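Structure first, commentary second.
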Amino acid sequence: MSRTRTERLVNLVICLLATRRFLTAEQIAAIVPGYEHDPNDERDHEAFQRKFERDKSELRELGVPLEMGTASIFDNEQGYRIARREYALPDIPLAPDEAAAVGIAARLWQQTGLAAAASSGLAKLRAGGIDVDPHATLGVEAVVTVDPAFEPLTAAVRDRQAVTFSYEVPERDSAGVRRLQPWGVVCWRGRWYVVGHDLDRDAERCFRLSRIVSGVRRIGRRGAYEPPKVDLIGRVARSSGPVERTGRATVLIRPGKAAGVRRWAERCVSGPDGDRLTLSYADADQFAAWLVGYGADVVVLDPPEVREHMVRRLRAVAAAYEPVEKVLA
1 MSRTRTERLV NLVICLLATR RFLTAEQIAA IVPGYEHDPN DERDHEAFQR
51 KFERDKSELR ELGVPLEMGT ASIFDNEQGY RIARREYALP DIPLAPDEAA
101 AVGIAARLWQ QTGLAAAASS GLAKLRAGGI DVDPHATLGV EAVVTVDPAF
151 EPLTAAVRDR QAVTFSYEVP ERDSAGVRRL QPWGVVCWRG RWYVVGHDLD
201 RDAERCFRLS RIVSGVRRIG RRGAYEPPKV DLIGRVARSS GPVERTGRAT
251 VLIRPGKAAG VRRWAERCVS GPDGDRLTLS YADADQFAAW LVGYGADVVV
301 LDPPEVREHM VRRLRAVAAA YEPVEKVLA
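196 is the number that full-length UniProt numbering gives to position 196 of the sequence shown; each next residue is one higher, with no gaps.
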């Protein structure tokens, strides 16, 4: 469904919910953006009627309780409205810890370029009587970064529109241009990927967003294709292949802490300052991203590349908290 049609359907639902009487098609056309037409032009009027019929069918398929009737016994033309009693959402009970989780999720998505979606979700919860304050859980911070290609690709997925971009792979000296019908954007092992149909190779492909070295430009028209219903993460997992853990790291862990890290340790030596663990890893940055979640309970001793990634990520966390510290000071 295109963004224009989605917006028109949303406006239609709002219009029919806001009225207690039945509105005729012509009255709806005068109120809802997207239905503008000349009723005296036969072809223009027929186009409006086809559009309106499609939208009514779409609402019914979505489960919207669309009612038909007349405003009074003197009216001959059918009107429309939405039965509020059938469309209203039930109460949304959230325990304090659940409300806190929603607040954290909202802050997380605001950091990943989906602030509008996060704000919309919070607005719907508040409309249902749930007060979710995204700033009420500042003791727990979700720090997530995404690649610049994330937002334009998710928008293209939503609009079902092909894109083109320059893509760089380690085996080649220069980046190549790709044309893709994106099906979805997913996260796998700490990396973001886009999965879709490669137009030049006429085959399914997935691309790591961090290797897109240009802006993402849209091509073709919106709604040009219908994404298949497939397991996107499974596609990425199969294309990535098995991960070889060739790196070795030594970390110092406080006694009795970081059980998740201990489970993956190949060797553990206890000492007066804590337990020294040896672990294997495949990607230094991804490995550091996992360790940083354990906070001060884990200190990387070796190798230097993992320490550097760890320091960089900890500085990013500190920078995220800096505005909060200034407000509380």
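We treat Cβ as the ideally placed atom computed from N, Cα and C, and that holds for glycine. Bear in mind the structure is a predicted one, so any value in this text is a computation, not a measurement.
- Taking the Cα of Gly215 as reference, the smallest distance to any Cα among Asp202, Glu58, Arg189, Glu168 is reached at Glu168.
- In this model, Arg43 and Leu180 are separated by some 37 angstroms (Cα to Cα).
- Our two residues, Leu62 and Lys56, have alpha carbons roughly 10 angstroms apart in a direct line.
- If you draw a straight line from the Cα of Thr164 to the Cα of Val13, it is about 35 angstroms long.
- By the CB criterion at 8 angstroms, Leu301 and Thr250 fall inside the cutoff.
- Beta bridge pairing from DSSP links Phe207 with Val194.
- Proximity to Leu232 across His197, Gly223, Arg218, Ile212 peaks at His197, based on C-alpha coordinates.
- In this structure, the alpha-carbon of Gly295 lies about 28 angstroms from that of Ala237.
- Under DSSP, Leu279 forms a beta bridge with Ala249.
- DSSP places Asp44 within a helical segment (H, G or I) once states are collapsed to three.
- Taking the Cα of Arg245 as reference, the smallest distance to any Cα among Glu226, Ala282, Pro227, Arg276 is reached at Ala282.
- In the three-state reduction of the DSSP assignment, Thr164 falls in the strand class, which pools E and B.
- Taking the Cβ atoms as the reference, Leu277 lies roughly 7 angstroms from Arg262, within the contact range of under 8 angstroms.
- Counting every other CB atom within 10 Å of its CB across the protein chains shown gives Trp264 a total below 16, marking it as exposed.
- Under the DSSP assignment, Gly79 falls in the beta strand (DSSP E) whose first and last residues are 79-82.
- Counting C-beta atoms within 10 angstroms of its own C-beta, Gly274 has 16 or more neighbours from the protein chains shown and is therefore classed as buried.
- Counting other Cβ atoms within 10 Å of its Cβ, Arg312 stays below 16 and is therefore classed as exposed.
- Here Thr154 is buried: its Cβ has 16 or more other Cβ atoms, across all protein chains shown, within 10 Å.
- With contacts defined as CB atoms closer than 8 angstroms, Gly190 and Ala289 qualify as a contacting pair.
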